[in-house]
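Note sheet for the following structure.
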Amino acid sequence: MNDERWVDARLRALQPANDWSPNANRAFARLRGRQRRRRSWMWATAMASVAGIVMIALPPEATCAVARVGCRRPATAVLLAPAVALPPQAPQPVVVAKSAERPVKAVGHALTYDVNYKESGSPKAPVVCEIYSDYECPMCGTFYRDVFPQFIAEYVKTGKVRVIHRDFPLTQHPFAKLAARYANAAGELGHYDEVVAQLFASQMEWTANGNVDASVAKVLPAETMRKVRALVESDPKLDATVQSDLSMVARDRIDQTPTIVFVSKGVRRKVAGIQSFDLLRSYLDEMLGK
Amino acid sequence: MNAPGKAIETEAAEGFDFETFFHDHYERVARVIVRVVRDPSRAEEIAVDVFWKVWRNPEIALSDRAGGWLYRTAVRMGLDDLRKNARRIRHESRPPNRPQAETPEQVHAAAQERDRVRLVLASLDARHAELLLLRSDDLSYAEVAAALDLNPSSVGTFISRAQEAFRREYVKQYGEP
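So the sequences go chain by chain: A and B.
The numbering used here puts the first residue of the first sequence at 1, with every later residue one more than the last.
The numbering used here puts the first residue of the second sequence at 1, with every later residue one more than the last.
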């Protein structure tokens, strides 16, 4: 048999099955999906680059007041990529002071001491968001007021995302640490979420006069407020949770607020300065494989 | 809501209808690739990759040689994938998803033959493999010449050499069937 016929006979084995037919519509949908992902990625990259350039151009102290990109730790000048992959590590538990001797019933919230009040959402959620924030940072305030409620409703309450608050009080903010103590004290008594919301909602007031106490008192019952004050004044464990978060700051090399570390499939990616729910949603949806 | 392809059309080069181009060529490109790779769904993924290149660089589709470029790229990407997976194929002997023969023995023999042909193609010189695959997809000499940028009058000679090389390699590896 000559080579041509012999080779043709062999190559006929590669003929696809008669019932196989390429699905052009599905393939075209794939192309469109790829294009959409590319567009969102380019948009996020451009936004982050602009944010990074502004951060570098402005001195750290001025950043919080002027730029709409968050607060930067002083004496750092690292341009953050939009999503920086971090070394793989499991999400770290929040260290929360537990005080068995405290009267749980007195505040009407059972087992509040044993709950990690800084965490919300299903433990089985496929994505964990660790949010590093500073109560005195204006952009953290914007994030918590404008983005966070929708994020909680669409992703945390639906079991898709677990959220972990992490305190990152910056040294240029004189009242940030005190505000964190109030929030964590309220957390020990089961009122973390409302105090966090109140601190960000009334940020303009207490950052001007330093009266964190008055702002917090507006959302807590008088008896609870009395206990919160006692804890803020004397409980050393409140600092332990902040210290634990600060060790994560060093580990994740966080240098500005707000920064979110997204943990998915064992990979940690940090994204700084998210100020739009649409951007957050497209990033999360991508991660959740929508 | 956007009609299918609208988003793509809006970003592509002026006057270029990507969706029509895609539908005109997709099926044939996918069929070229499925000859080379064993998994039809993988073949379709590679076909999408081929069109992604066109989307990123629409000038390709606007040139006179768009068809040739498509088939050449399809065969090359298919062969690249085949070479990457050649070792795995060599050690696997699972039957195909959709048997073309009737008895289990025939199914097995057909699968074995397909794997042998693919492994021989993977070990051939890339140009020889491209020539054989395009020719076996019923492309005319002129089309093969356009796809591989060859002189049409020399295509017959090149194909003969490729066939000789294929037979020699097949017999060397597996003996006369």
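We treat Cβ as the ideally placed atom computed from N, Cα and C, and that holds for glycine.
These numbers were taken from a predicted model, which means no experiment stands behind them.
If you ignore the 5 residues before and after Tyr141 of chain B, its C-beta comes within less than 7 Å of the C-beta of Pro152, Val155, Gly156, all in its own chain and listed in chain order.
DSSP places Glu130 of chain A inside the beta strand (DSSP E), whose first and last residues are 127-133.
Taking a 10 Å sphere around the C-beta of Met42 of chain A, we find fewer than 16 other C-beta atoms and assign the residue as exposed. With contacts defined as CB atoms closer than 8 Å, Trp55 of chain B and Phe18 of chain B qualify as a contacting pair. Taken atom to atom, the span from the alpha-carbon of Val36 of chain B to that of Ala122 of chain B is near 9 Å. For Arg83 of chain B, no CB of chain A lies under 8 Å from its own CB, so it is not counted at the interface with that chain. Scanning chain B for C-beta atoms nearer than 8 Å to the C-beta of Asn23 of chain A yields Glu44, reported in chain order.
For Phe22 of chain B, the enclosing alpha helix (DSSP H) covers residues 18-36.
Using a Cβ-Cβ cut-off of 7 Å, Ala110 of chain B is close to Ala13 of chain A, given in chain order.
Residue contact with chain B for Ala44 of chain A: absent (no Cβ-Cβ distance below 8 Å to any residue of chain B). Rounded to the nearest whole angstrom, the CA to CA distance from Ala162 of chain B to Gly273 of chain A is 59 Å.
When the alpha-carbon of Phe200 of chain A is set against those of A:Asp278, A:Arg26, A:Pro138, A:Ala230, the nearest one is in A:Pro138.
The beta carbon of Val32 of chain B sits closer than 8 Å to those of Tyr71, Ala74, Val75, Gly78, Leu133, Leu134, Asp137, all from its chain and outside the five residues before and after it, given in chain order. Ala145 of chain B does not reach chain A, its nearest Cβ partner there being about 18 Å away, counting only Cβ pairs nearer than 8 Å. Per DSSP, reduced to three states, the secondary structure at Glu119 of chain A is strand. Across the structure, Gln173 of chain B and Asp252 of chain A are spaced so that their CA atoms are roughly 54 Å apart. With respect to the 8 Å criterion, Cys71 of chain A and Leu178 of chain A are not classified as neighbours on the basis of their beta carbons. Closer than 8 Å to the CB of Arg10 of chain A there is at least one CB belonging to chain B. CA-to-CA, the gap between Ala27 of chain A and Thr20 of chain B works out to about 13 Å. Under DSSP, Arg166 of chain A forms a beta bridge with A:Tyr132. A direct Cα-to-Cα measurement between Ala9 of chain A and Arg38 of chain B gives close to 18 Å.
When Cβ-Cβ separations below 8 Å define contact, Leu132 of chain B makes contact with chain A. For Arg268 of chain A, the enclosing beta strand (DSSP E) starts and ends at 267-272. Straight-line measurement puts the Cα of Gln256 of chain A at about 23 Å from the Cα of Val212 of chain A. For Thr142 of chain A, there is no enclosing beta strand (DSSP E); the residue is found in the alpha helix (DSSP H) stretching over 138-142. The beta-carbon separation of Asp193 of chain A and Ala180 of chain A, rounded to 15 Å, does not stay under the 8 Å limit for a contact. Listed by position along chain B, the residues whose Cβ is nearer than 7 Å to that of Arg30 of chain A are Val48.
Contact fails between the stretch 229-243 of chain A and the stretch 137-155 of chain A, because fewer than three Cβ pairs, one in each stretch, are under 8 Å apart. Among the CB atoms of chain A, none fall inside 8 Å of the CB of Ala66 of chain B.
For Ser247 of chain A and Arg37 of chain A, the gap between their C-alpha atoms comes out near 34 Å. Excluding the 5 residues flanking it on each side, Ser40 of chain A has same chain C-beta neighbours closer than 6 Å at Ser282, in chain order.
At a cut-off of 8 Å between beta-carbon atoms, Glu4 of chain A makes contact with chain B.
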